[in-house]
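Residue numbers are given in full-length UniProt numbering: position 921 of the sequence shown equals residue 921, and the series is strictly consecutive. No residue lacks a Cβ here, since even glycine has one placed at the ideal position from N, Cα and C.
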Amino acid sequence: MSPGIINQKHMQTTSADNAALHPVILEEILQTYKASVKRMLRIEAKGPESHTREYDKYQFLVSRQAERDIEEMLNPKQPDAVPEKPKRNSSDGGSETEPNEEEEEDDSGSPKQKVVPAVEGPSFEDLARELTKYTRLAKRIQYESRRTIKLGLFEIHCDDLIRALVKRAEGICDRLLDRILEDHRTTNRALIKEYELIASKALTVPTDIAHMMQLTEFVNQTEKVTMHELERKLDRSKDRLLFLMDHAQLNPSDMRINSQVFEWHMRMTDVFEENRRTAVVKREEFEIGLRYRRERFLEELESYRRQVEEFQGLGDLNEINRYLKKAQALDNKLELAVAKIEQFNSEEEALKWDTTTYPIRGEVQNTLRPFLKLYETTVEFNNKYREWMDGPMDKVDPEQVDAEVSNQYRTLYKLEKSFDSLPAPRKIAAKVRGKVEEFKEHLPLIRTLFNPGLRERHWVQISDVVGYTLRNEEGMCLAKLVDMNLEPHIPKFDMISEAATKEHSLEKALDKMRKEWAPVEFNLIPYRDSGTLILSSVDDIQVMLDDHIVKTQTMRGSPFIKPFETEIRDWEQKLILTQDILDEWMKVQATWLYLEPIFSSPDIMAQMPDESRKFTTVDKTWKELMKSANVDRKVMTVIQIDKMLDKFRKSNDLLEAILKGLNAYLEKKRLYFPRFFFLSNDELLEILSETKDPTRVQPHLKKCFEGIASLTFTKNLDITHMKSSENEVVELKEVISTSKARGAVEKWLLELEDNMITSVHLTISNALEDYLQSPRREWVKTWCGQAVLAGSMFFWTLETEKAISAGPSAMGDYLRLNNQQIEEIVAMVRGKLSKQNRTTLQALIVLDVHARDVLAELISVKCSSKTEFSWLSQLRYYWEEKQLGLASCGAWSCFDEFNRIDLEVLSVVAQQILTIQRAINAKQVRLVFEGTDIKLDPTCAVFITMNPGYAGRSELPDNLKVNQSIITVLYALTLHWIKLIQLESNRRTGILFKWATKRQYWKPVHESAWLYELKWFYPTGTVVNRTSA
């Protein structure tokens, strides 16, 4: 039934109930029309949506980002002041240093925060540019935006949006304008303040000539420099004012400030002119005043001259104190006159006058000085005389008295001569000199009985001399001793005093040494994270100890040491004890520092239980002693620790036993795996201390295996590949399980050594098979370098022997093939290759070129058989499935540049050669070599080449020198002639033959090519030797 036809049954039912007709709209129709309306609205909404996107360019106003940017511009964030970190003193292991004098501190004593320069606000140009931008923006929004627009079904009203955007833009403009106005006011006030300060200083009335010159200089500097700077500031103020007049309404206060700025600038000319007028008036006043003061000063100097002349008639010795005070007062006035003269000269220079010298002042002072010296010496002697005669004996120093009396006598003698024409002062000088001379008679008594070295035992001897008790007791003085008439006993007193002096010097030396040691401390520093300390920086202590031991032993040999013999012996024993402790301490510390990281390893402790227990004992003793020493670090306190020396000696004995056991342990490991001889003790211990981590062997592989730089380990620490230093990887024939060794590194290393040989052998064997199946240019890039080089030479030997057997034509064909192969490899080297391939091919080119030259030589000498010497003398390569060493196959080996090998390796090689030579001499058929039973071919031989004296060359060990016969080539190896060969046999050098026929050789490609023919020379030399015998 059609949706538009009303159901008759339904209509009849409806008619019966109601008179009205109610249509029924189906849901499908309703949804269809709704969808149609929605599509229409979406289409019509595109216009309003497009219009709203026109306001996206004002998003920075809507989101208030513009206001935040302006606020950040007006008030830039100031960087925080960061307190400076205290510097560290490197010599103290990082301890902080005290603030020095240059570092300022606040009231609390902590360093002040570091001053960070404040960030300046925006310039007027920046503010004006932003204000202009936002002013134009507000106008553009207000006048260029459409307020009402009809777009299809919609009518868009934008009035509220436009008003809001304009309001925000104008708000930003007001904020910028307020800032410009405020900056303008601040700048103008600063300019007015500057003008006021200049005017105030320029109009100041000078108080003296220096002040007047200072003001004149200030005004000149201001006119030349400051006013130009102020004019530039005024120009910028004028620009701001013109800008503000276009954008703002200035209030009366702002107008007054602007007027004052420009008025002040106009007034400055009058200010400077007033300053110059005042300077002219005051200059006249100051000149008059200076002239008057100079005249008065001359009158003062004349009065000083008259006062000095009065001293010529003063001769009453009882008035000497009054004379001294008067002379000192006059001398002070003359010293003050120097300052007045300097002031006059500075004012004269300022006024451009000639400076006055006033020589009368110097004349008066020179005249006064002898009188002043006379009065001072007289008064000083009188005062000292009373102290010396009546003062206590302990206060009288004989050496000081002697020196002062001698100086006073010489001074009075000279003064008496200088006053020859003046009776009064000459009389005083003569009387005082006589008094001094009289006192000098008591000096021997003072030197003997006032000696500070006199002790009770010496006073007993002195009492024995005079016959009654004489002591340095309270009340005893020089005057009493003079009254005793002791002068006849002075020679005996002198002997006693001399002994006392020498004894006293020894006593003082002993006390000085004790005082020097009192503050000396051991420098104990923490050792890593061990929780203990070690001794550091003992050089100064050792130098001081050596010096004092020598001094003490010298003092013991003195004949005057008897009163202190016990003290000096005890002190010597203490110094020797300190030396012994220090020696044992440093010895223990050096060994402990070496062994501590070794026995920190659980692996080492498990493998060396006895040594570990001994080291634990030493370690415990060491830490206890260090803890005790750290309580009070003073040297003289530390050495008194109970049984310290015995404990150190016992520790040293244990450490020696530990070292002996450690060396035996390392030797055992080296004998099991001889390649360990190539490693130092430290390197070997590093390996053995980390047996649970086989990868720790990696850094030392290069020394044990020349060709292995690293190994490839699996997650289970199994070894699958070996890698060279050129990153060439060779897979091992059998996987090596390090876990099966159960921590015995030497076991899996020994397995690696065997596996290395078999793996390389297998690789070369596979490469030889692949050579016959693959193109040569591809083959040389596929296999490792050793396989490529050895395989190429093997096939060259094989093909050369085939060509020799086939005849000259075949040899010529193979020579051309050699050249083609060389050209092919050269072309590959010029192209793109990996680093490893390039290295291999470069070496291959050298071998191929040499092989080609050998083949060419064979052709030129018409070699027709593989048994001819011309072919047998060449280095040939053959492949044997069963691996044989040099000793087993009877080969002759040549080690080129032999003495460039490290000395440790040379020693090992020497031992190996000695083993082979002894077996040959014993005519053995088999030989146990490095733990392996091998077949011995007695025809094997070892040759070495070396260039002694070159940089990087080692001297051959003695055990290697005695095992090698020496062949000396007298001419360069590159020459065509070998003229003389010497052979050393049984340590006797005999010339076996001279090659006088001048046999000519080919030009060798390699410098050692001549060794290839030694097999021919050797039998010949043997025949000559037998003939000579």
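For ILE736, the enclosing beta strand (DSSP E) covers residues 729-737. If you look at HIS157, you'll find it isn't in any alpha helix (DSSP H); it sits in the beta strand (DSSP E) that goes 154-157. Between PHE450 and VAL396, the C-beta spacing is below 8 Å.
Residue range 835-860 is occupied by the alpha helix (DSSP H) that includes LEU841.
Per DSSP, the continuous alpha helix (DSSP H) segment holding VAL261 begins and ends at 252-310. C-alpha of LEU506 to C-alpha of TRP571: approximately 13 Å in a straight line. The three-state secondary structure of VAL538, taken from DSSP, is coil. Looking at the DSSP output, PRO526 bridges to LEU533. For the set TYR878, MET476, GLU706, LEU74, the Cα lying nearest the Cα of LEU789 is the one of TYR878. The region 124-131 makes contact with the region 171-182: 3 or more CB pairs, one atom from each, lie closer than 8 Å. When the beta-carbon positions are compared, LYS781 and ASN818 stay at least 8 Å from each other.
When DSSP states are grouped into helix, strand and coil, LYS668 belongs to the helix group. With the rule of 3 Cβ pairs closer than 8 Å, the region 398-408 does not count as touching the region 359-373. THR32 is not bridged by DSSP to any residue. TYR134 counts as buried, since at least 16 other C-beta atoms from the protein chains shown sit within 10 angstroms of its C-beta. The alpha-carbon of ILE561 is positioned some 32 Å away from that of VAL482. Put simply, the region 676-693 touches the region 596-603. At least three CB pairs are less than 8 Å apart. Separation of the CB atoms of GLU516 and VAL635 is rounded to 11 Å, and the pair is thereby denied contact status at 8 Å. DSSP lists LYS634 as the bridge partner or partners of GLU521. Distance between LEU372 and ASP316, taken at the CA atoms: about 15 Å. Under the Cβ criterion (8 Å, minimum of three pairs), the region 862-871 counts as touching the region 797-813.
Three or more beta-carbon pairs separated by less than 8 Å link the region 141-160 to the region 44-64, which places the two stretches in contact. Along the region 430-471, the alpha helix (DSSP H) occurs as fully enclosed runs of 4 or more residues at 443-449, 456-466, listed in sequence order. Straight across, the Cα-Cα distance linking LEU815 with ASP902 is about 41 Å. By the neighbour-count criterion, in which 16 or more other beta carbons inside 10 Å mark a residue as buried, LYS620 falls on the exposed side. Under the three-state reduction of DSSP output, LEU593 falls in the helix class.
Between the region 650-669 and the region 894-901 there are fewer than three inter-stretch CB-CB distances shorter than 8 Å, so the stretches are not counted as touching.
Boundaries of the alpha helix (DSSP H) around HIS211: 209-221. Three or more beta-carbon pairs separated by less than 8 Å are not found between the region 299-311 and the region 257-277, which leaves the two stretches without contact.
About 5 Å separates the beta carbon of ILE639 from that of ILE581, a gap short enough to meet the 8 Å contact definition. Under DSSP, THR932 takes part in a beta bridge, and its partners are PHE929. ILE172 counts as buried, since at least 16 other C-beta atoms from the protein chains shown sit within 10 angstroms of its C-beta.
Each residue's CA atom was taken as its position, placing GLU194 and ASP239 some 20 Å apart. Of the candidates LYS492, LEU577, TRP585, the residue whose Cα lies closest to the Cα of SER536 is TRP585. Straight across, the Cα-Cα distance linking ALA164 with LYS233 is about 39 Å.
Assignment of ILE944 by DSSP, reduced to helix, strand and coil, places it in the strand class.
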